[in-house]
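Novice: This is the structure, below, for whatever I ask next.
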Amino acid sequence: MSEGELARLRAEVLALRSELDARRARGRRLAVARRCAAAVLVVVAALGTVIGMVGSWSALTVLDTDRWVATVAPLPKEPEVATAIATYTTDQVFQAVDVRRRLAEVLPGPAAFVAGPITGQLHEFVQRSVDQLVRTDQFQSLWVAANRLVHQQAVAVLEGDSQVIAATGDQVRIDLLPVVNQVLRQLEQQLPTFFGHRLDLPDVTSGAVPPRLRAIVGDALGVTLPENFAQFTVYRGDELRQLQQAVVLAKRWLYGVIAVTVAAFAGALWASTARRRTLLQFGVWLSVWVVAVTATIRVVKGQVLAQVPPGVYRSAADTAVTVVFSGLRQSGYVLLVAGALVAALAYLTGPGRLPTWARSRAAAGGRWLWLAARPAAAATPAWIRRHVDLLRIMGVVVAAVVASVLSSWTGLLVVATVLGMYEVLLTILGRGGGAARRRAGLAAPHRAPEGHPPSGP
């Protein structure tokens, strides 16, 4: 080989090596870019999952009247809420009636000094009566009807034309005048001579509230009730406005968030160079975002409760917020557990020393359990075949008992499906046992009678 040919071959080898190095460098850069893209997309997918959960809860609970009413309906049964309603309503009644002045007017001059103690005792009596009223079915009907009307007109708060929720200044209030009306009716029944005349107030326990109820109550008491009488401040106007705008925005963009989440998760798996590691990252980030959103909700809850007067009202507000957000809290727990399970499974299926040791221990434990349970497993089909009729009857009885305590068609459908699968399984096991016995009988060798040689060629 000539020197020129050798130099040409060397140049070709160097060119090929240079091209190979360039390809390897591009491959490494591409792998790094794919890993970075997968890491970013998996964070977006986890965040989108949590935001989608919050948005779905808002759309299904906060913005749906039936679900909202079902959520807040049990609130009067909570002791803190019932006590707060009774305390507030009693204070409003005594303020409107001016009980101390009335007592001082009817008592003789020397005895007027006892008007204060009598007023205090009467206040406790009325508050106990109101507390009993709050826990009745009649008040429950009034509460449900009022909350339904409040929720249906919640959007009108932004325009300030709601009939039940009034946005005045920087406060948003719920009108509890129907409750005061019922308290006055009950107080008149227990102390007929207290007002000096019949009040003739309407009964609003059915939820039908007259449009001029404030004027009717004022005329019956002989006073002019202020515009904010019996209106309980729940939120500051600006904060409620921001919250409603956020909920409306979440509902508006809910489908977009879900679409982006699915696309981000699919893109993360497609771009990933190690999908197991990507799934592990998704589980970890899902748990992290759930914890972060939970902490944010707690901070917002603390800020809202800080604006409520301490004592009875703050305890009631705390209980109410806890009840309202119970569904969201349960969904958060589900996502937290799901994220932890995904991360744990992705880690335990990896090549590390600890996952390898855990899988080997689990396999050894499974083999030991199988060897220990194999005799019982072998005997179980035979036992089922002997008691198949009894097992069928027991299955029907259990299904009937469970169905008797269910009230939804979905639950009954699940019970019927499980019962059908159970009966099919019993049938398969019974027939399988008979087929096995027939196969065993055909495969068994024919024994010749004693004293005779076996027949054959």
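Residue numbers (the numbering used here): 7 to 463.
All residues carry an ideal CB built from backbone N, CA and C; glycine is no exception.
1) What are the start and end residues of the alpha helix (DSSP H) that includes Phe235?
2) With DSSP collapsed to three states, give me the class of Asp70.
3) Measure the alpha-carbon distance for Lys83 versus Thr93 and round it to whole angstroms.
4) On a Cα-Cα basis, can you pick out the residue from Arg107, Ala323, Val297 and Ala405 that is closest to Gln3?
5) What are the boundary residues of the alpha helix (DSSP H) that Ser293 is part of?
6) Grab me the residues of Val136's own chain with a C-beta within less than 6 Å of its C-beta, minus the 5 sequence neighbours each way, in chain order.
7) Keeping to the same chain, check which residues put their C-beta closer than 8 Å to that of Pro361; ignore five residues upstream and five downstream.
8) Which of the three DSSP states is assigned to Asp97 in this structure?
9) Could you spell out where the alpha helix (DSSP H) holding Glu9 opens and where it closes?
10) Val140 and Val75 look like a contact to me (Cβ under 8 Å); what is the Cβ gap, rounded to whole Å?
11) Thinking C-alpha only, which one of Arg218, Val68, Leu183 and Leu275 is nearest Ala45?
12) Run the CB neighbour count on Ser278, radius 10 Å, all protein chains shown included, and call it buried at 16 or more, exposed below.
13) Tell me the residue span of the alpha helix (DSSP H) that contains Trp276.
14) Asp395 bridges to which residues according to DSSP?
15) Could you give the distance in angstroms between the alpha-carbon of Gln101 and the alpha-carbon of Val411?
16) Taking only the alpha-carbon atoms, compute the straight-line gap between Val263 and Trp63 and give it to the nearest angstrom.
17) Quick one, which of Ala370, Leu207 and Gly372 has its alpha-carbon nearest Leu183's?
18) Reducing DSSP to helix, strand and coil, say where Asp181 ends up.
19) Given Leu286, which residues of its chain have a CB within under 6 Å of its CB, disregarding the five upstream and five downstream residues?
20) Can you confirm whether the stretch 396–405 touches the stretch 422–437 when touching is taken to mean that 3 or more C-beta pairs between the two stretches lie within less than 8 Å?
21) Select from Thr55, Ala43, Leu128 and Pro357 the residue whose C-alpha is nearest the C-alpha of Ser337.
22) How about Gly273 and Leu47: are their beta carbons less than 9 Å apart?
23) So is Gln237 buried or exposed if we call it buried at 16+ other beta carbons inside 10 Å?
24) Taking C-beta to C-beta, are Asp104 and Val229 nearer than 9 Å?
25) Compute the Euclidean distance between the alpha carbons of Leu311 and Glu233, then round it to the nearest angstrom.
26) Under the three-state reduction of DSSP, which class applies to Pro123: helix, strand or coil?
27) Using alpha carbons as the reference points, say which of Asn153, Arg373 and Val430 lies closest to Leu397.
28) Express the C-alpha separation of Gly61 and Ala265 in angstroms, rounding to a whole number.
29) Does the distance from the CB of Thr89 to the CB of Val329 come in under 9 Å?
30) With Val305 and Leu341 assumed to form a contact (beta carbons below 8 Å), what rounded beta-carbon distance in angstroms separates them?
31) Quick one: residues in its chain with C-beta nearer than 7 Å to the C-beta of Leu282, no 5 flanking neighbours on either side, listed in chain order?
Specialist: Judging by the given coordinates:
1) Taking the sequence shown and counting its residues from 1, one reaches residue 235 at position 229. Run containing Phe235: none; DSSP gives neither H nor E here.
2) Along the sequence shown, read from residue 1 onward, the residue named residue 70 stands at position 64. DSSP places Asp70 in coil when its eight states are reduced to three.
3) Within the sequence shown, residue 83 is the residue found at index 77, counting from 1. Within the sequence shown, residue 93 is the residue found at index 87, counting from 1. Their Cα atoms are separated by approximately 15 Å.
4) For residue 3 there is no data in the structure shown, the boundaries of the chain being 7 and 463.
5) Translated into positions along the sequence shown, residue 293 becomes position 287. Element bounds for Ser293: Arg281 to Ala312.
6) Counting from one through the sequence shown, the residue named residue 136 turns up at place 130. The answer, listed in chain order, is Ala92, Thr95, Thr96 and Val189.
7) Position 355 of the sequence shown holds residue 361. The residues are Tyr353, Leu354 and Thr355.
8) Indexing the sequence shown from 1 puts residue 97 at position 91. Helix.
9) Counted from its first residue, the sequence shown places residue 9 at position 3. Counting along the chain, the alpha helix (DSSP H) containing Glu9 begins and ends at Glu9 to Trp63.
10) Taking the first residue of the sequence shown as 1, we reach residue 140 at position 134. Taking the first residue of the sequence shown as 1, we reach residue 75 at position 69. That belief does not hold up - the Cβ atoms of Val140 and Val75 are roughly 17 Å apart, past 8 Å.
11) As a first step, residue 45 is located in the sequence shown; it is residue number 39 there, counting from the start. The shortest Cα separation from Ala45 among Arg218, Val68, Leu183 and Leu275 belongs to Leu275.
12) As a working mapping, residue 278 is identified with position 272 in the sequence shown. When all chains shown are included, Ser278 counts as buried.
13) As a first step, residue 276 must be located in the sequence shown, where it is residue number 270. Element bounds for Trp276: Leu260 to Ala277.
14) As a position in the sequence shown, residue 395 is number 389, starting the count at 1. Paired residues: none, contrary to the question.
15) Mapped onto the sequence shown, residue 101 falls at position 95. Mapped onto the sequence shown, residue 411 falls at position 405. Roughly 48 Å between the two C-alpha positions.
16) The sequence position of residue 263 within the sequence shown is 257, counting from 1. The sequence position of residue 63 within the sequence shown is 57, counting from 1. About 14 Å.
17) Residue mapping note: residue 183 aligns to position 177 of the sequence shown, counting from 1. Nearest of Ala370, Leu207 and Gly372 to Leu183, Cα basis: Leu207.
18) As a working mapping, residue 181 is identified with position 175 in the sequence shown. Asp181 carries a strand assignment under DSSP once its states are collapsed to helix, strand and coil.
19) Taking the sequence shown and counting its residues from 1, one reaches residue 286 at position 280. Only Ala349, Ala352 and Tyr353 meet the Cβ criterion.
20) yes
21) By one-based count along the sequence shown, residue 337 stands at place 331. When each option's Cα is compared against that of Ser337, the closest is Thr55.
22) Residue numbering aside, residue 273 sits at position 267 when the sequence shown is read from its first letter. Residue numbering aside, residue 47 sits at position 41 when the sequence shown is read from its first letter. A contact, by the Cβ cut-off of 9 Å.
23) For the purposes of this step, residue 237 is taken as residue 231 along the sequence shown, with counting starting at 1. So Gln237 ends up on the buried side.
24) Counted from its first residue, the sequence shown places residue 104 at position 98. Counted from its first residue, the sequence shown places residue 229 at position 223. Going by C-beta atoms, Asp104 is nearer than 9 Å to Val229.
25) Taking the sequence shown and counting its residues from 1, one reaches residue 311 at position 305. Taking the sequence shown and counting its residues from 1, one reaches residue 233 at position 227. So the two alpha carbons sit approximately 25 Å from each other.
26) Translated into positions along the sequence shown, residue 123 becomes position 117. Of the three classes helix, strand and coil, the one that applies to Pro123 here is helix, per DSSP.
27) In the sequence shown, the residue the question calls residue 397 occupies position 391. It is Val430 whose Cα lies nearest to the Cα of Leu397.
28) Counting from one through the sequence shown, the residue named residue 265 turns up at place 259. Counting from one through the sequence shown, the residue named residue 61 turns up at place 55. When rounded, the distance between both Cα atoms is 13 Å.
29) The sequence position of residue 89 within the sequence shown is 83, counting from 1. The sequence position of residue 329 within the sequence shown is 323, counting from 1. The answer is no: Cβ separation not under 9 Å.
30) Numbered from 1 along the sequence shown, position 299 holds the residue referred to as residue 305. Numbered from 1 along the sequence shown, position 335 holds the residue referred to as residue 341. With a Cβ gap of about 19 Å, Val305 and Leu341 do not count as contacting.
31) In the sequence shown, residue 282 corresponds to position 276, counting from 1. Position check: residue 282 holds Arg in this sequence, whereas Leu was assumed. Excluding residues within five positions, the ones whose Cβ falls inside 7 Å are Ala352, Thr355 and Gly356.
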